Every structure is written in C-alpha cells, then in structure tokens.
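Chains as they are written, first to last, in the numbering used here: chain G, 7 to 118; chain R, 6 to 120.
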C-alpha cells in the first residue's frame, strides 16, 4: 500500500531561518512525488514535483530513493511562506496510476 | 489558465435530503476528475476517480450508492450526496487532471453541513 508520512503537524520558524518540511513515503515501484501548498483561505496548489527539478518560490525538494524521502527545503523562510504544506505521491504519470495519496500536512508558521 | 470551479461553495441541508456539487474545469479539458473529502485539520482523502463517459472508480470504504458521481463531459463532474446525514458534513474538494501533463488542478472546495 502506498503511504505518505509527514511527521510534523506544526513547524514554526523565524523569518530568514532555514526551513525543512519532512516527507517520507512507501510505494512499491517508482512513484512521482509532489509538494502542494494551501495558503489561508485559498485552494490547494502545486508547489513542485520531483520530475521537474524546479525551484519554486525558493523551495527545493530532492527525491532520496534510498531513504524514501522527499523533504522540502528553503534556505531563508519568509512570512508569506506561512501555509499548510502537503506532500503527495502518485504512480508513474498517466492513466489510472495518477491518483494522489496525500500526507497529513504540516502547518508552517514563519514568525517576524 | 487551468482553473477549476466548484458550486456551491457552501451548502446546508437537512438530514435525509440529497445535495449535488458541481466541479468544472473552466479553461481546459480534463481527462479525469477526482473527488476528495477533507475533515477539519486533516488531510485530503480520495473518494473516487471519474473519467468522462465512464463509471467512477471508488476508493475502498466509500459507498458508491451514497456518493453518486457523474462525469458527463470533459469539463464537468458532479458529486451527489444522497440521503445525507450529519456525519457526511465535511469539506469536499474536486480536482481536474489536464490532458497535457496530467497535473491535477484543485477546486476551492464545497463546505457541506447536514443538520
């Protein structure tokens, strides 16, 4: 069974500090990993996906297959980064494998 | 681009009645639409996957006779909660998957309260 674990429900950091949101997964095969963000009173939106290897809003995430992790990092947190962050996985893209399994989310608060 | 709307944004209904929620992809054609349920301060739980013109695929534990899904076109899917009960009160979110890159775009959600 596929599973996504986000061990921290809450994470609080000060502005300018580095931030790392942890995500571990279990999946038999080669999954696609994603990070979604939900700002207050807004819809869920894609932050980044591992296959694109992009850096969005200063965030990066590296897929570590050995540790089955996909931690989200940013070197200098900003107040506007405060949001709920969800890690998610799916099977290889395309077809019925594309349904997402979400972690329980981490609420990030960046203090001034 | 890639906007998904849901209607209504919130609804209150009496126990025993049925409620229909619409999910539309406004500016793209969606191969697949997904329906999620989110309890307060919890994650999204996938309820079902629907492909245009075919029957929805429900996740384990989701009653297909209670949560009727119709996906009549490439831009519209509906979720009908039949004979609603207070325990069906929740936040229902849909997403639509682009035919181009299979990325899922999420709707704003519908808050259902059953009294």
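Heads up, the beta-carbon is just placed ideally off N, CA and C, and yes, glycines get one too.
Since the model is a prediction, treat every value here as computed from it, not as a measurement.
How many Å lie between residue 52 of chain G and residue 90 of chain R at the Cα? Counting from 1 along the first chain, the entry for residue 52 of chain G is found at position 46. Counting from 1 along the second chain, the entry for residue 90 of chain R is found at position 85. Residue 52 of chain G and residue 90 of chain R: Cα-Cα distance of roughly 33 Å.
In chain G, which residues lie with their C-beta within 9 Å of the C-beta of residue 51 of chain R? Along the second chain, read from residue 1 onward, the residue named residue 51 of chain R stands at position 46. The CB of residue 51 of chain R comes closer than 9 Å to the CB of 105, 106, 107 and 108 in chain G, given here in chain order.
First and last residue of the uninterrupted beta strand (DSSP E) at residue 77 of chain R: Along the second chain, read from residue 1 onward, the residue named residue 77 of chain R stands at position 72. It spans 72-78 - the beta strand (DSSP E) in which residue 77 of chain R sits, taken as one unbroken run.
Which stretch, first to last residue, makes up the beta strand (DSSP E) that contains residue 14 of chain G? In the first chain, counting from the first residue as 1, residue 14 of chain G sits at position 8. For residue 14 of chain G, there is no enclosing beta strand (DSSP E), as DSSP marks it with neither H nor E.
Per DSSP, the bridge partner or partners of residue 104 of chain G: The residue you call residue 104 of chain G lines up with position 98 of the first chain. In DSSP, residue 104 of chain G forms no bridge with anything.
Excluding sequence positions up to five away, which residues of its chain have a Cβ less than 7 Å from the Cβ of residue 54 of chain R? Sequence index remark: in the second chain, residue 54 of chain R carries index 49 (1-based). For residue 54 of chain R, the CB contacts under 7 Å within the same chain, skipping 5 residues up- and downstream, are 37, 39, 61 and 62 in chain order.
Helix, strand or coil for residue 108 of chain R? Go by DSSP, reduced to three states. One-based indexing of the second chain puts residue 108 of chain R at position 103. The answer is coil: DSSP assigns residue 108 of chain R none of H, G, I, E or B.
Interface flag, residue 48 of chain R vs chain G, CB-CB below 9 Å: Locating residue 48 of chain R in the second chain gives position 43, counting from the first residue. Closer than 9 Å to some Cβ of chain G, the Cβ of residue 48 of chain R qualifies, so yes.
List the whole-angstrom C-beta distance separating residue 93 of chain R from residue 67 of chain R, where the pair is believed to meet the contact cut-off of C-beta under 8 Å. The residue labelled residue 93 of chain R in the question sits at position 88 within the second chain. The residue labelled residue 67 of chain R in the question sits at position 62 within the second chain. Contact annotation, residue 93 of chain R with residue 67 of chain R: C-beta distance approximately 12 Å; criterion of less than 8 Å not satisfied.
For chain G, check one thing: does any of its Cβ atoms lie closer than 9 Å to the Cβ of residue 121 of chain R? There is no way to answer for residue 121 of chain R, as the model of chain R reaches only from 6 to 120.
Could you check whether the Cβ of residue 54 of chain R sits closer than 9 Å to any Cβ belonging to chain G? What you label residue 54 of chain R is simply residue 49 of the second chain in a count that begins at 1. Cβ-Cβ to chain G under 9 Å: yes for residue 54 of chain R.
Between residue 13 of chain R and chain G, is there a C-beta pair that is closer than 9 Å? By one-based count along the second chain, residue 13 of chain R stands at place 8. Not closer than 9 Å to any Cβ of chain G, the Cβ of residue 13 of chain R fails to qualify, so no.
For residue 58 of chain R, count neighbouring C-beta atoms within 10 Å of its own C-beta (all shown protein chains included) and say buried if the count is 16 or more, exposed if not. Residue 58 of chain R sits at position 53 when you count from the first residue of the second chain. Exposed: under 16 other Cβ atoms inside 10 Å.
Closer than 9 Å at the beta carbon, the chain R residues around residue 111 of chain G: For the purposes of this step, residue 111 of chain G is taken as residue 105 along the first chain, with counting starting at 1. Correct list: 46, 47, 48 and 49.
Hey, which unbroken runs of the beta strand (DSSP E) at 3 residues or more fall wholly within the segment 21-102 of chain G? Restricting attention to beta strand (DSSP E) runs no shorter than 3 residues, the segment 21-102 of chain G encloses them at 25-27, 30-32, 38-44, 51-55, 78-80 and 89-96, ordered along the chain.
Between residue 39 of chain G and the rest of its own chain, which residues show a CB-CB distance below 8 Å, the 5 nearest in sequence each way excluded? By 1-based counting over the first chain, the position of residue 39 of chain G is 33. Closer than 8 Å at Cβ, skipping near neighbours: 29, 31, 55, 56, 67, 69, 76, 93, 94 and 95.
So residue 102 of chain R contacts chain G; which residues on that side make the cut at Cβ distance below 8 Å? Along the second chain, one-based indexing puts residue 102 of chain R at 97. Residues of chain G passing the Cβ test: 104.
Helix, strand or coil for residue 27 of chain R? Go by DSSP, reduced to three states. By one-based count along the second chain, residue 27 of chain R stands at place 22. In the structure shown, residue 27 of chain R sits in a strand (DSSP, three-state: E or B).
Per the DSSP calculation, residue 12 of chain R is bridged to which residue(s)? As a working note, residue 12 of chain R is residue 7 in the second chain. Listed as beta-bridge partners of residue 12 of chain R by DSSP are R:27.
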